[in-house]
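Quick mapping for you: the protein sequence lines, in order, are chains A and B.
If you're matching positions, the first sequence starts at 102 in our numbering and goes up one per residue.
If you're matching positions, the second sequence starts at 109 in our numbering and goes up one per residue.
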Amino acid sequence: QKEVEQNSGPLSVPEGAIASLNCTYSDRGSQSFFWYRQYSGKSPELIMFIYSNGDKEDGRFTAQLNKASQYVSLLIRDSQPSDSATYLCAVALTGGGNKLTFGTGTQLKVEL
Amino acid sequence: GAVVSQHPSWVICKSGTSVKIECRSLDFQATTMFWYRQFPKQSLMLMATSNEGSKATYEQGVEKDKFLINHASLTLSTLTVTSAHPEDSSFYICSARDGDLPDTQYFGPGTRLTVL
């Protein structure tokens, strides 16, 4: 089992819809969770971080964390074509030092 | 805030030469920086963790004598690819850890290396 798992996609949603991206992790003791967006040919950009169970909202983005079920998700409301990118889930695993463990990413395509 | 720069953004070099890439945190002090490599259509691969004033910690399979890392100050880390070969051609990305936000890493824009 991979430490951080994401569906590679592509996930296609129509413009204006809600995109739901999911991530599961294996280490129950993990405390910090991150979502990064990476456009093709560019470096990752931090979108959100979440430490506590529940929802965290920032503009059109909502991160959801459920430590009991070991999953973290990212919702993008009113999806725009400019949201088309690969979304990387990253987790600070227990005992990982300062490192983040990244999932392989989910490719999102927002279609007109 | 939380801006990380990298220089150069791209470099083309001949096989056998060495290339140095700089990573700077512009508006915060980064006690820890990370170096990643990414091949086309593949995931980020962590190469090493760099702590200011100490030796870098390399991931398994990464040659420390080939990829020299120096983190001499709280705002600068360098990666030198020594005796580069075509198989070293890749997208090299650094990140810096913001000590005020546990575990949060901010990425530089990356350096695209092409070895001829």
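Ideal Cβ placement from N, Cα and C applies to all residues, glycine included.
No experiment lies behind these values; they were computed from the predicted model shown.
- Item | Residues that DSSP places opposite B/Ser-198 in a beta bridge | B/Leu-221
- Query: Any idea what DSSP makes of A/Asp-159, helix, strand or coil?
  - Reply: strand
- Query: Is there contact between the stretch 130 to 147 of chain B and the stretch 198 to 213 of chain B, where contact requires at least three CB pairs shorter than 8 Å?
  - Reply: yes
- Message: At a CB distance below 7 Å, what residues from the stretch 130 to 162 of chain B approach chain A? Give them in sequence order.
- Response: Thr-140, Ser-151, Leu-152, Leu-154, Thr-157
- Under three-state DSSP, which class holds A/Pro-145? coil
- Indicate whether at least one CB of chain B lies closer than 7 Å to the CB of A/Pro-145. yes
- Partners in chain A for B/Leu-184, counting only beta-carbon separations shorter than 7 Å: Here the premise fails: no neighbours, minimum Cβ distance about 18 Å.
- Task: Tell me whether A/Pro-182 sits in a helix, a strand or coil according to DSSP, three-state version.
- Result: helix
- Message: Quick check on B/Glu-125: does DSSP put it in helix, strand or coil?
- Response: In the sequence under discussion, the amino acid at residue 125 of chain B is Thr, which differs from the Glu named in the question. Three-state result, B/Thr-125: coil.
- Would you identify the three-state DSSP class for A/Gln-107, choosing helix, strand or coil? coil
- Message: So, with DSSP's three-state summary, where would you put B/Val-119?
- Response: strand
- Message: At a cut-off of 6 Å, would you count B/Gly-218 as near the ligand MG, judging by its Cβ distance to the nearest heavy atom?
- Response: For the ligand MG, the structure offers nothing, since it holds no ligand at all.
- Message: My output table needs one value for A/Glu-212: the three-state DSSP class, helix, strand or coil.
- Response: strand
- Task: Sort out for me which residues DSSP pairs B/Asn-178 with in a bridge.
- Result: B/Thr-186
- Counting contacts by CB-CB distance shorter than 7 Å, is B/Ile-201 in contact with chain A? yes
- Message: Quick check: what's the CA-CA separation for A/Leu-218 versus A/Gln-165?
- Response: Beyond the ends of chain A as shown, which are 102 and 213, falls residue 218 of chain A; an answer cannot be given.
- List, in order along the chain, the chain A residues whose C-beta lies closer than 8 Å to that of B/Tyr-214? Leu-147
- Query: Given that a residue counts as buried once 16 or more other Cβ atoms are within 10 Å of its Cβ, and exposed if not, what is A/Val-105?
  - Reply: buried
- Query: When the Cα atoms are used, what is the spatial distance from B/Thr-212 to A/Gly-197?
  - Reply: 13 Å
- Message: Does any residue of chain A have a CB that is nearer than 7 Å to the CB of B/Pro-210?
- Response: yes
- For A/Ile-119, which of helix, strand or coil comes out of DSSP? coil
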